[in-house]
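Residue numbers (my numbering), protein chains in the order written: chain A, 1 to 190; chain B, 191 to 368. Each residue gets a CB set at the ideal place from its N, CA and C atoms; glycine is no exception. Treat the numbers as computed from the prediction; the structure is a model and nothing was measured. Shown next, in structure tokens, is the structure this report addresses.
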Amino acid sequence: MVNGIWIVLILAGLLMGLVTGELEAVTQSAIDSAKYAVELCFGLIGIYALWLGLMKVAEESGLVEAVSKRMGGIMRFLFPEVPERHPAMGAMTMNLIANMLGLGNAATPLGIKAMHELQSLNRSRDTASHAMCMFLIINTSSVQLIPTTVIALRSAAGSKNPTEIIGTALVATSISTLAGVIAAKILAKR
Amino acid sequence: MSELIKTISVLAIPTFIFVVLGYGYYKRINVYEAFIEGAKEGLATAWRVLPYLVAMFVAIGIFRSSGAMDLVIKILTPITNLFGLPAELIPLVLIRPMSGSASTGMLAEMFKTYGPDSFVGRLASTMMGSTETIFYTLSIYFGAVGIKRIRYTLWGALVAEVAGVIASVIICRIVFGM
């Protein structure tokens with residue numbers, strides 16, 4: 001799908017350039033854009049290093065496990081069919097916490113482990129269970145507390161206040177996750 | 191409300207750093223060594239997004255400089271105005287659910303064109319931080335366990351996505367004005 005959008009942007013741009021007689025500007029823009037992408041990339045290295053450093057500390061200190069232990073109530077509401085002490089609960093909780101902290105690399109293996117555990121509870125081999133649907137809807141709605149990539153990009157692009165969007169993003173992501181959870185609960189009852 | 195949200199923005203990162211490092215110190219791990227270990231990956235991560243940035247920058251650069259972007263925005267504006275959404279954001283809204291790397295490239299290009307501190311820049315940032323790639327995540331997770339019938343997962347995910355976009359527009363208008 002990205003393939004389609006990408007090629008349409010380029011081909012439509014080139015044809016439009018031909019029609020409007022802006023082909024020179026188009027060529028120039030293609031070259032400048034490629035150059036700017038590299039400059040921007042350099043601006044990202046420092047902030048990425050800072051975040052990944054913090055992430056490593058969070059990982060090694062066991063922060064994810066510590067927070068997970070306090071999530072029992074919410075998890076029981078979200079996944080009523082999953083037995084409380086089943087390993088699926090633990091894996092799902094840790095995946096969601098890792099996502100909240102922005103630990104993408106740690107979150108994916110935990111999420112896949114959670115899916116395997118949920119599959120062991122699933123009555124059908126190839127049809128998703130309610131718990132799986134809920135788990136992935138929450139996952140795709142993004143529950144990240146601090147949008148680190150966005151902040152890095154803003155700072156690299158010369159923003160005066162790169163972090164000013166944390167609050168608004170937090171409100172928006174909470175509403176989006178809440179909408180996803182409500183939709184999943186309603187759809188599950190059909 | 192608006193003040194509270196601004197305060198959260200100011201406090202989030204210092205609090206986060208304090209909690210992460212403080213907890214690491216309390217657990218007696220070598221915080222400094224762990225930090226260095228993680229920071230080493232910074233270069234590799236920036237390096238990994240570079241091809242995506244180049245691909246997206248060039249494609250949108252061509253589309254924009256030819257005048258095609260202006261035309262699309264002009265056509266879409268009357269429709270998106272109904273929802274209070276600047277038409278400039280439509281490409282990002284469309285590509286966000288499809289690819290994380292591609293939308294990262296697109297967001298960076300928007301910062302370059304409109305500025306990160308413009309209303310479009312702030313709204314794009316909020317939107318990007320509030321939603322997640324859908325199709326990739328679903329195919330990885332369901333693929334891993336061989337699920338073929340995903341039932342209502344995609345619908346639920348799309349409801350969350352649309353709610354995130356609408357919430358972003360409203361909250362940005364309240365906090366950043368315009």
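Span separating the alpha-carbon of Ala98 (chain A) from that of Ile207 (chain B): As a working note, residue 98 (chain A) is residue 98 in the first sequence. As a working note, residue 207 (chain B) is residue 17 in the second sequence. Approximately 16 Å between the Cα atoms of the pair.
Short Cβ contact (7 Å threshold) for Thr169 (chain A) with Val248 (chain B): Taking the first residue of the first sequence as position 1, residue 169 (chain A) is located at position 169. Taking the first residue of the second sequence as position 1, residue 248 (chain B) is located at position 58. It is worth fixing the name first, because residue 169 (chain A) is Ala in this sequence and not Thr. Cβ distance not < 7 Å, so Ala169 (chain A) and Val248 (chain B) don't count as in contact.
Proximity below 7 Å, CB of Gly13 (chain A) to CB of Ser199 (chain B): The sequence position of residue 13 (chain A) within the first sequence is 13, counting from 1. The sequence position of residue 199 (chain B) within the second sequence is 9, counting from 1. No.
Euclidean distance between Cα positions of Thr177 (chain A) and Leu201 (chain B): Translated into positions along the first sequence, residue 177 (chain A) becomes position 177. Translated into positions along the second sequence, residue 201 (chain B) becomes position 11. Their backbone Cα atoms lie some 22 Å apart in a straight line.
Meets three-Cβ-pair contact criterion under 8 Å: the region 327-347 of chain B and the region 128-135 of chain A: yes
Neighbour-count burial assignment, Ala37 (chain A), 16 or more Cβ in a 10 Å radius: Taking the first sequence and counting its residues from 1, the one referred to as residue 37 (chain A) is at position 37. Flag for Ala37 (chain A) reads buried.
Supposed contact pair Phe301 (chain B) and Leu153 (chain A) - C-beta distance, whole angstroms, cut 8 Å: Working through the first sequence from its first residue, we reach residue 153 (chain A) at position 153. Working through the second sequence from its first residue, we reach residue 301 (chain B) at position 111. So it is a contact: roughly 6 Å between Cβ atoms.
As assigned by DSSP and simplified to three states, the class of Thr323 (chain B): Translated into the one-based positions of the second sequence, residue 323 (chain B) becomes position 133. Thr323 (chain B): coil per DSSP, three-state reduction.
Buried or exposed (CB count within 10 angstroms, at least 16 for buried), Met381 (chain B): The structure shown does not extend to residue 381 (chain B), since chain B spans only 191 to 368, so no value can be given for it.
Under the three-state DSSP convention, the category Arg339 (chain B) falls into: Along the second sequence, one-based indexing puts residue 339 (chain B) at 149. The answer is strand: DSSP assigns Arg339 (chain B) an E or B state.
Between the CA atoms of Arg85 (chain A) and Tyr242 (chain B) - distance to the nearest angstrom: Here residue 242 (chain B) refers to the residue found at position 52 when the second sequence is read from its first residue. Here residue 85 (chain A) refers to the residue found at position 85 when the first sequence is read from its first residue. Approximately 42 Å between the Cα atoms of the pair.
Contacts of Met55 (chain A) in chain B (Cβ-Cβ under 7 Å): Looking up residue 55 (chain A) in the first sequence gives position 55. Those are Gly228, listed as they occur along chain B.
Nearest neighbour of Leu40 (chain A), chosen from B:Tyr326, B:Leu233, B:Ala298, B:Tyr216 [CA to CA]: As a position in the first sequence, residue 40 (chain A) is number 40, starting the count at 1. The residue with the shortest Cα to Cα distance from Leu40 (chain A) is B:Ala298.
Residues from the region 339-350 of chain B in contact with chain A, defined by Cβ distance under 8 Å: Arg339, Ile340, Arg341, Tyr342, Thr343, Trp345, Gly346, Ala347, Val349, Ala350
Option nearest Gly452 (chain B) by Cα separation, candidates A:Ala25, A:Phe42, A:Gly180: This structure cannot settle anything about residue 452 (chain B), because the visible part of chain B is limited to 191 through 368.
When B:Arg363, B:Val221, B:Arg341 are compared against Ala314 (chain B), the one with the closest alpha-carbon: Taking the second sequence and counting its residues from 1, the one referred to as residue 314 (chain B) is at position 124. Here the closest residue by C-alpha is B:Arg363.
Interface positions of the region 81-95 of chain A facing chain B (Cβ-Cβ less than 7 Å), listed along the chain: none
Same chain, Cβ closer than 8 Å to Ala350 (chain B), five either side skipped, listed in chain order: Taking the first residue of the second sequence as position 1, residue 350 (chain B) is located at position 160. Excluding residues within five positions, the ones whose Cβ falls inside 8 Å are Thr321.
Beta-carbon proximity list for Ala107 (chain A), same chain, < 6 Å, skipping 5 on both sides: Counting from 1 along the first sequence, the entry for residue 107 (chain A) is found at position 107. Only Asn95, Ala98, Asn99 meet the Cβ criterion.
One or two residues paired with Thr173 (chain A) in a DSSP bridge: Here residue 173 (chain A) corresponds to residue number 173 of the first sequence, with the count starting at 1. Partner(s): none; Thr173 (chain A) has no beta bridge.
Leu279 (chain B) at chain A interface by Cβ criterion, 7 Å: Here residue 279 (chain B) refers to the residue found at position 89 of the second sequence. Leu279 (chain B) does not count as touching chain A.
C-alpha gap between Glu59 (chain A) and Asn139 (chain A), whole angstroms: Within the first sequence, numbered from 1, the residue matching residue 59 (chain A) stands at position 59. Within the first sequence, numbered from 1, the residue matching residue 139 (chain A) stands at position 139. Straight-line Cα distance between these residues: approximately 20 Å.
Selection of the region 59-77 of chain A by Cβ proximity to chain B, strictly under 9 Å: Glu59, Glu60, Ser61, Gly62, Leu63, Ala66
Contact check, Lys56 (chain A) vs Glu227 (chain B), beta carbons under 7 Å: Counting from one through the first sequence, the residue named residue 56 (chain A) turns up at place 56. Counting from one through the second sequence, the residue named residue 227 (chain B) turns up at place 37. A contact, by the Cβ cut-off of 7 Å.
Chain B contact for Ile112 (chain A) (CB, 7 Å cutoff): The count along the first sequence starts at 1 and reaches residue 112 (chain A) at position 112. For Ile112 (chain A), the answer is yes, since a Cβ of chain B falls inside 7 Å of its Cβ.
CB contact below 7 Å: Asn3 (chain A) versus chain B: By 1-based counting over the first sequence, the position of residue 3 (chain A) is 3. So, not an interface residue.
Thr127 (chain A) - partner residues in DSSP beta bridges: Walking along the first sequence from the start, residue 127 (chain A) turns up at place 127. In the DSSP output, where bridge partners are listed per residue, Thr127 (chain A) has B:Arg339.
Spatially closest choice to Leu344 (chain B) from A:Ala156, A:Leu110, A:Ser141, by CA coordinates: Within the second sequence, the letter at position 154 stands for residue 344 (chain B). With distances taken between Cα atoms, Leu344 (chain B) lies closest to A:Ser141.
Gly367 (chain B) and Ala172 (chain A) closer than 7 Å at C-beta: What you label residue 367 (chain B) is simply residue 177 of the second sequence in a count that begins at 1. What you label residue 172 (chain A) is simply residue 172 of the first sequence in a count that begins at 1. For Gly367 (chain B) and Ala172 (chain A), no; Cβs fall outside 7 Å.
Residues within the region 287-306 of chain B neighbouring chain A, beta-carbon criterion of under 7 Å: Met288, Ser289, Ala292, Thr294, Leu297, Ala298, Phe301, Lys302, Pro306
Enclosing alpha helix (DSSP H) for Leu275 (chain B) [first to last residue]: Along the second sequence, read from residue 1 onward, the residue named residue 275 (chain B) stands at position 85. That residue, Leu275 (chain B), is in no alpha helix (DSSP H); it is neither H nor E in DSSP.
Bounding residues of the alpha helix (DSSP H) (the contiguous stretch that carries Lys56 (chain A)): Along the first sequence, one-based indexing puts residue 56 (chain A) at 56. It spans 23-60 - the alpha helix (DSSP H) in which Lys56 (chain A) sits, taken as one unbroken run.
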